[in-house]
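Have a look at the structure below before the remarks.
In the numbering used here, the protein residues as written are 4 to 941.
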């Protein structure tokens, strides 16, 4: 379509129907994906993708979910998803999971599934493809999931309690309010009664045949798509699909998947709910509109609409953010977005979400509505739109630059959405070309007309959900009060927004450049180390893993352990406060505007014994990254408004933490392990309110106002000829006074420590952590031994606690390594679970029994699974910039190369070494911390 016709097409879109949708040409489908259909209706997507090499992802998507359940099946779509891992035609009981682990597929990380309202998706990712038999077995698993899930009586009965445990874990304050409110929000229509987690009464009481009826009725080829993306032979995969799936029959009278419609509401709907575990007052304002029909998503006007959504929300959310920093603003955060109405794809909505300051929920509700009305009445300014357009174009350029280095999941998620909802799947090149043609020809006037269409001024299709913190003496708005607020705001005569823009460079006068004094090359790890004239060091490693990415980090000794006692409560806001401040001549809000169109960012970091920076950029925006680094180290600007918003937000969220079981348990673990130190505990709202911003800035200047003790790291696709002068200009020029602070010891529990306590909660669930640890010199082998031991323990815990006892949704073990102020490593192995209170006494001994069994000798098959997982993941990680950044930091700070001999170390470790490590190092230390929270019903 010629550019002069684009404006007319955009105007037509504002009142689009299937007829007007034909005004623009179709969106081309990416030619590199092979899409096919079998006679029985099965759809398949296959794509050859070599990044990373030698792995692939396998998906089966079902065009059905909880909305397809009958009343006596509520929750069975989700239960069925669980049972897909507990026995199929070719993989009995748990052997499917065991087999995939044996070829390097990690449960949870690579092997998983999810059930939503209108789809159910199963997948396993990063499957090694060097063995053709493994690829064929993976195709067989997809076939079993299609029509061969066993659904035995035993499997169903065993899994009922596991779903109960998931319900306990997920149904906390906000989720409970949503479940209670849905019937009113959907006017008692089906969507109001189809949360995927379902009813526990149905889970407990369903006849197995009822579940099988759902499976037979809906899991059919015509409702399914097979998706395979990765380093595979496309023709072979297609042949396997035809062989395995072509003979599956679809009954002639098979039920059709008919989209469930959502009725309009002629009068406004207001729902106010409260819960003791809710930590803050939150509200959603939905302005419902017709969803874009799937058949209308094939033409370029749909891409145009998505662009307009993006531009509009970018501009509106910038206004919300700017307004939130005003002292008298009654909300802490607010955002707008155009998408689905709550859970229903068949109804759209422009949704405003607001987080209110304590005691100001009615005022916050009015303020958010008011800003939306301002956008409706006056639209957006030319300068706002230019920034939004620049940002979107920059994001497009970033994606295009990396078109040949996209991961498998970037494609698989697109293909799931294409199958389920007919979302377009053009190539990045085609999408970029289309948008580059469209964007310059869409003026701000069109966006403003679109805003008038989305932001309604009537009670028709207007829906509010308010979810509030329940506590004694608190007042809650009535429905009539909310209606009066809406009426009042709609009647207000507002003034147009004024866009205050600071048109100046980030750094008005460049600093005097320093020099690179010395360059040393490490050929083993492939990096260069520079010593600068100010004493700072730079480690740089060029990679080609992502064409659009440069990762950055800077680290120096001394962390928050050096804080004086009076400053210790400030730890939680230290880096956040610096990030929320301005830079140079820019306030935080001005800086956000100045960064539009630039893909670069830097954040402050701090742990007990190190402080630093982290960031990233594209090659194009590398100088902006360097300028941000320089300003962070030299010119943090006090911004009272921004800090006040940050402080109020944290204080509001933490004010009710004693009623949140998860926060109570987390704080109890930290308090027990670190002997009550404020450096480790979650601060109270009063602690947050008492933090002095000036003191934080002074501490920040002391930590970050020099570069002498820093090492700066750059990993990615930089141009060395470009980067080296920038290093001299912006890093070698930094002040070099040196940090005079010293790390201090942080107290840590020793010996056997137990903290068992009770907590009242609405949905009772026990929580437990069993922590074993020992101090030792940090080595690669110790790191690998701890990781392997934890993985072996997790396999034991999953079998005993989840599968045999059905006492938890998940029971796991992790290993972690923390270095103390003297460089000695604290190696931790932690077993944890959220438990059914009725089965807690039986489950907790399993943590110790599992440890005893692994000490006695790891199961050979389990050990081989762990090795396959680690070796496969090592190959995948070796093509990640983040992996190499971690390797270089480890080498520079600990003197240990965690990459070169990693696979050799994994291969050489045997069961005896793991047993010796646990028995003679971890357990011999005598350090064991147990924290158990026992639930009592409120």
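Glycine included, each C-beta is placed from N, C-alpha and C at the ideal position.
The structure displayed is predicted, hence computed values, not measured ones.
Can you tell me whether DSSP reads residue i as helix, strand or coil?
i: residue 299; result: helix
i: residue 271; result: coil
i: residue 617; result: strand
i: residue 819; result: strand
i: residue 532; result: strand
i: residue 491; result: helix
i: residue 942; result: In this structure the chain extends from 4 to 941, so residue 942 is not present and cannot be described.
i: residue 347; result: strand
i: residue 286; result: strand
i: residue 878; result: helix
i: residue 154; result: coil
i: residue 656; result: helix
i: residue 555; result: strand
i: residue 922; result: helix
i: residue 2; result: In the structure displayed, the chain extends from 4 to 941; residue 2 sits before or after that span and is not available.
i: residue 586; result: strand
i: residue 995; result: This structure leaves residue 995 out entirely; the chain is present only between 4 and 941.
For residue i and residue j, I'd like the C-alpha separation in whole angstroms.
i: residue 661; j: residue 673; result: 15 angstroms
i: residue 469; j: residue 185; result: 12 angstroms
i: residue 299; j: residue 305; result: 7 angstroms
i: residue 137; j: residue 236; result: 13 angstroms
i: residue 282; j: residue 359; result: 11 angstroms
i: residue 658; j: residue 576; result: 15 angstroms
i: residue 565; j: residue 578; result: 15 angstroms
i: residue 370; j: residue 496; result: 14 angstroms
i: residue 799; j: residue 853; result: 6 angstroms
i: residue 212; j: residue 840; result: 30 angstroms
i: residue 731; j: residue 873; result: 40 angstroms
i: residue 491; j: residue 225; result: 52 angstroms
i: residue 444; j: residue 899; result: 55 angstroms
i: residue 941; j: residue 801; result: 30 angstroms
i: residue 361; j: residue 336; result: 13 angstroms
i: residue 549; j: residue 715; result: 20 angstroms
i: residue 586; j: residue 460; result: 40 angstroms
i: residue 114; j: residue 148; result: 13 angstroms
i: residue 346; j: residue 263; result: 11 angstroms
i: residue 681; j: residue 697; result: 20 angstroms
Out of the options, which has the shortest C-alpha to C-alpha gap to residue i?
i: residue 420; options: 842, 48, 42 and 822; result: 48
i: residue 122; options: 151, 182, 424 and 371; result: 424
i: residue 432; options: 404, 456 and 848; result: 404
i: residue 525; options: 505, 541 and 634; result: 541
i: residue 154; options: 427, 686 and 94; result: 94
i: residue 768; options: 744, 836 and 408; result: 836
i: residue 819; options: 810, 369, 777 and 801; result: 777
i: residue 856; options: 629, 793 and 177; result: 793
i: residue 868; options: 739, 898 and 104; result: 104
i: residue 878; options: 36, 29, 54 and 699; result: 54
i: residue 449; options: 437, 508, 581 and 314; result: 314
i: residue 124; options: 482, 229, 346 and 430; result: 229
i: residue 318; options: 392, 350, 543 and 485; result: 392
i: residue 376; options: 351, 339, 408 and 390; result: 339
i: residue 603; options: 610, 619, 614 and 611; result: 619
Tell me, please, which residues DSSP counts as bridged to residue i.
i: residue 340; result: 354
i: residue 222; result: In the DSSP output, where bridge partners are listed per residue, residue 222 has none listed.
i: residue 775; result: 832 and 931
i: residue 49; result: 37 and 231
i: residue 410; result: Residue 410 pairs with nothing; no bridge assigned.
i: residue 201; result: None, per the DSSP bridge assignment.
Measure how close the beta-carbons of residue i and residue j come, nearest whole angstrom, since I'm counting them as under 8 angstroms.
i: residue 932; j: residue 752; result: 5 angstroms
i: residue 239; j: residue 133; result: At roughly 14 angstroms, the Cβ-Cβ gap does not stay under 8 angstroms, so residue 239 and residue 133 are not in contact.
i: residue 691; j: residue 670; result: About 14 angstroms separates the two Cβ atoms, so there is no contact after all.
i: residue 608; j: residue 616; result: 6 angstroms
i: residue 597; j: residue 505; result: 7 angstroms
i: residue 353; j: residue 458; result: 6 angstroms
i: residue 795; j: residue 917; result: 7 angstroms
i: residue 938; j: residue 784; result: That pair is no contact at about 41 angstroms.
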